[in-house]
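**Student:** Residue 49 in our numbering is what sits at position 43 of the sequence shown, and the numbering runs on without skipping anything. Quick reminder that beta carbons are idealized off the backbone N, C-alpha and C, glycines included. All values reported here derive from a predicted model rather than from experimental measurement.
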Amino acid sequence: MPAAHPPEFRRRALDLVAQGNPVGQTARDLGISESCLRNWMNRDAVDSGRKAGVTTDEHKELFELRRRNRVLEMEIEILKRASAYFARENVLPK
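1) Should L20 and M47 be called a contact, given that it needs their Cβ atoms to be closer than 9 Å?
2) How far does the alpha helix (DSSP H) with V29 in it extend, from its first residue to its last?
3) Return yes when the Cβ of V52 is within less than 9 Å of the Cβ of T62, no when it is not.
4) Could you check what DSSP says for T61 in three-state terms: helix, strand or coil?
5) Under DSSP, the alpha helix (DSSP H) around A10 begins and ends at which residues?
6) Just the C-alpha distance for A4 and E79, rounded to the nearest angstrom, thanks.
7) For L43, is the classification buried or exposed, using 16 other Cβ atoms within 10 angstroms of its Cβ as the cut-off for buried?
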């Protein structure tokens, strides 16, 4: 996977396109693919509210919440198994 470009690079590329430069030519001049630049343009449109969708901040928050949810579900499963184990130990005659 190619290395991520810094935000300043992305901003400059978006500014060049906003100034009226063709997307394909701008992408070639900057050494990136046209689809990459178009993805950046779509992401910028969503983040600025010009287009409907999940913003970058919302995406990061969802990612963290889903990760936290997976951890909590694993902890719950471990606690269920532990409580079943100890409940079984207390029921058996000695």
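**Tutor:** Well, looking at it:
1) For this step, residue 20 is matched to residue 14 along the sequence shown. For this step, residue 47 is matched to residue 41 along the sequence shown. Inclusion of L20 and M47 in the CB contact set at 9 Å is warranted, their separation being smaller than that value.
2) For the purposes of this step, residue 29 is taken as the residue at position 23 of the sequence shown. Judged by DSSP secondary structure, V29 falls within the alpha helix (DSSP H) whose first and last residues are V29 to L36.
3) Within the sequence shown, numbered from 1, the residue matching residue 62 stands at position 56. Within the sequence shown, numbered from 1, the residue matching residue 52 stands at position 46. Their beta carbons are under 9 Å apart, which means T62 touches V52 by this criterion.
4) Position 55 of the sequence shown holds residue 61. Here T61 sits in coil by DSSP.
5) For the purposes of this step, residue 10 is taken as the residue at position 4 of the sequence shown. Where A10 is concerned, there is no enclosing alpha helix (DSSP H), given that its DSSP letter is neither H nor E.
6) The structure shown does not extend to residue 4, since the chain is modelled only from 7 through 100, so no value can be given for it.
7) Reading the sequence shown from its first residue, position 37 is the one you call residue 43. Burial check for L43: the Cβ neighbour count within 10 Å reaches 16 or more, so the residue is buried.
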